[in-house]
Amino acid sequence: MAGFFFDEALLTRGWARDVRIAVEAGLIVSIVSGGAAEPGDERHGIGVPGIANLHSHAFQRGMAGLAEIRATSADSFWTWRELMYRFVGRMTADDIEVVAAQAYVEMLETGFTRVGEFHYIHHDLTGDPYANPGELAERIAAASQATGIGLTLLPVFYAHAGFGGRAPASGQRRFVNDLDRYSQLIEASRRAVAGLEGALVGLAPHSLRAVTPRELDAVVALAGAGPIHIHIAEQTREVDECIAWCGQRPLQWLFDHAPVDRRWCLVHATHATPMEIRALADSGAVAGLCPVTEANLGDGTFNAPEFNSQNGVFGIGTDSNVLIGVSCELRQLEYAQRLALMARNVIASGDTTSTGRALFDGALRGGSQALGVTRGGLTEGGFADIVSLDAESAALAGRCGDAILDSWIFGANRSPVDCVWARGRKVVKDGRHVSRERVARRFRGAIEGLLLA
Ligand code: ZN
Numbered sequence: 086m087a088g089f090f091f092d093e094a095l096l097t098r099g100w101a102r103d104v105r106i107a108v109e110a111g112l113i114v115s116i117v118s119g120g121a122a123e124p125g126d127e128r129h130g131i132g133v134p135g136i137a138n139l140h141s142h143a144f145q146r147g148m149a150g151l152a153e154i155r156a157t158s159a160d161s162f163w164t165w166r167e168l169m170y171r172f173v174g175r176m177t178a179d180d181i182e183v184v185a186a187q188a189y190v191e192m193l194e195t196g197f198t199r200v201g202e203f204h205y206i207h208h209d210l211t212g213d214p215y216a217n218p219g220e221l222a223e224r225i226a227a228a229s230q231a232t233g234i235g236l237t238l239l240p241v242f243y244a245h246a247g248f249g250g251r252a253p254a255s256g257q258r259r260f261v262n263d264l265d266r267y268s269q270l271i272e273a274s275r276r277a278v279a280g281l282e283g284a285l286v287g288l289a290p291h292s293l294r295a296v297t298p299r300e301l302d303a304v305v306a307l308a309g310a311g312p313i314h315i316h317i318a319e320q321t322r323e324v325d326e327c328i329a330w331c332g333q334r335p336l337q338w339l340f341d342h343a344p345v346d347r348r349w350c351l352v353h354a355t356h357a358t359p360m361e362i363r364a365l366a367d368s369g370a371v372a373g374l375c376p377v378t379e380a381n382l383g384d385g386t387f388n389a390p391e392f393n394s395q396n397g398v399f400g401i402g403t404d405s406n407v408l409i410g411v412s413c414e415l416r417q418l419e420y421a422q423r424l425a426l427m428a429r430n431v432i433a434s435g436d437t438t439s440t441g442r443a444l445f446d447g448a449l450r451g452g453s454q455a456l457g458v459t460r461g462g463l464t465e466g467g468f469a470d471i472v473s474l475d476a477e478s479a480a481l482a483g484r485c486g487d488a489i490l491d492s493w494i495f496g497a498n499r500s501p502v503d504c505v506w507a508r509g510r511k512v513v514k515d516g517r518h519v520s521r522e523r524v525a526r527r528f529r530g531a532i533e534g535l536l537l538a
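Numbered according to this note's numbering, the sequence shown spans residues 86 to 538.
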């Protein structure tokens, strides 16, 4: 049994003072506020729950910053994707593991304690299946094990290059499976995470572009209790192509043809009509928003005020991992709304007047739901996923309660994240992951090799 004592902590029921949290086998077994520390407790000023990063393609961390050069007169998501395909075309299994570990270290250092890895590279460099269908799933599991981040592995079903079952392109050769091979992949993925404490496996039909209606039905039939993640309506071209294919927009088609419910996470959902926003909110599915990547790729802006007014559930993901951070995703989510609406404090609504608190609570709730965590936040029976913030940091001077979150998200140049415990294991200390140097050394070696190749 380990004890943690915080002068102030954000519990599921709200902020509390003098909080003692007892942890055993990675779970919170008791929380007592208004008491005293016990001998041997870890003592810190401010405690908040770790957040789930609901959407990541870890390998893309290796190309962060490499796609910011104007190459044509009309750079877009689609030209970025060509560059990404060239990059993935050179990555070995070792490279994928090393880059994932680096991404996971950076996630933990910013306060993410679980990742939803939307994992779609399955085959070798030539596109041939590995002898072990779970080869790369095992690499992701190894990166999770080495860094301590909680894992919800989402093996992706990917079969086509566009709506209507178009044959895949050569840049997609490492992603493609048929349904038989996909069920083998799911089994192999379950074996890959079997030794990982708290790990889960969900399903991910890649998008309506990459999966036919018949295949979507077959994949969803494998889902059980979920989670089920899908990319949807990220780009206007995708919406236009979907309309040309079936006469409906992607979200509209999905709600008409799939049993969308709380098990689902609809990643992006950027281009949604008010009716689609209402259907998404009513379904109980999570809107998987990836604000930094959506800004980087020029996707567009999700209609958050409309979604909030319908009590929709959202969470945040780092997606392309071009930049990794809890606070930067939440800040970008709010700032995109302010710029679009020429207004301030857009996400806060109802009783929550603090924008930071509304953003943080939303991401905590939606992220947990999307990654299959039944008890998110600091609560008895939940995972001991805890983040301490440095109460001595200038940005948090004199702050208490929700002002801590507002100032962390909007006012801190340097991250105030001090220590992070994932399922009770201390993985970040003084703002640095305990394996930061070793992981970064291997990452530098891999990237230098990839860039010379
Ligand atoms: Zn994505």
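Note that beta-carbon positions come from the ideal geometry of N, C-alpha and C, so glycine has one too.
Asked	Found
Segment contact, 8 angstroms Cβ cut-off, at least three pairs: the stretch 425-437 with the stretch 165-174	no
Pair within 7 angstroms by beta-carbon distance, Gly311 and Thr355	no
Beta-ladder partner(s) of Ser118, from DSSP	Val104
Test item: CB-CB of Val502 and Gly516 under 7 angstroms	yes
Given 8 angstroms, three or more beta-carbon pairs between the stretch 462-474 and the stretch 106-126	yes
Coarse secondary structure for Pro134, derived from DSSP in three states	strand
Opposing strand residues paired with Ala372 [DSSP bridges]	Leu351, Phe399
Element boundaries [alpha helix (DSSP H), containing Ser229]	220-232
Proximity to Gln230 [Cα-Cα], best of Val261, Ala186, Gly201, His204	Ala186
Run of the alpha helix (DSSP H) containing His342, from where it starts to where it stops	335-342
Per-residue DSSP class, three states only, for Ser268	helix
Cα-Cα separation between Gln337 and Gly530, rounded to whole angstroms	46 angstroms
Any non-hydrogen atom of the ligand ZN closer than 6 angstroms to Asp404 Cβ	yes
Reduced DSSP category for Val261 - H, G, I as helix; E, B as strand; rest coil	coil
Proximity to Glu361 [Cα-Cα], best of Ala318, Asn381, Gly402	Ala318
Residues of its chain near Thr97, where Cβ-Cβ distance is below 7 angstroms and the 5 sequence neighbours each way are ignored	Gly462, Leu463, Thr464
Inter-residue spacing [alpha-carbon to alpha-carbon] between Arg258 and Ala303	21 angstroms
Where Gly296 falls: helix, strand or coil (DSSP)	It is worth fixing the name first, because residue 296 is Val in this sequence and not Gly. Note: Val296 maps to coil in three-state DSSP.
Distance, His353 Cα to Arg199 Cα	19 angstroms
Distance between Ile471 and Leu95 (C-alpha atoms, nearest Å)	10 angstroms
Bounding residues of the beta strand (DSSP E) (the contiguous stretch that carries Arg199)	197-204
In DSSP terms, what Leu536 is bridged to	Answer is none; Leu536 lacks a bridge partner.
Distance, Arg251 Cα to Leu236 Cα	32 angstroms
Anticipated Cβ contact below 8 angstroms, Arg373 with Gly402, distance rounded	A quick correction: the sequence has Gly, not Arg, at residue 373. So it is a contact: roughly 5 angstroms between Cβ atoms.
Proximity of Ala143 and Phe203 at Cβ, strictly below 7 angstroms	no
Residue range of the beta strand (DSSP E) that includes Ala497	First-last for Ala497: undefined, no H or E at that position.
Whether Gly201 touches His140 by CB criterion (7 angstroms)	yes
Under 7 angstroms between C-beta atoms of Gln417 and Ala380	yes
Three-state secondary structure (DSSP) of Ser473	strand
Same chain only: Cβ atoms within 6 angstroms of Ala308, ignoring 5 sequence neighbours per side	Leu288
Neighbour-count burial assignment, Ala357, 16 or more Cβ in a 10 Å radius	buried
Pairwise C-alpha distance: Leu537 and Arg363	49 angstroms
Range covered by the alpha helix (DSSP H) that runs through Ile328	321-331
Residue closest to Asp126, alpha-carbon to alpha-carbon, out of Val286, Gln145, Ile106, Ile136	Ile106
Contact between the stretch 216-225 and the stretch 272-286 (3+ Cβ pairs under 8 angstroms)	yes
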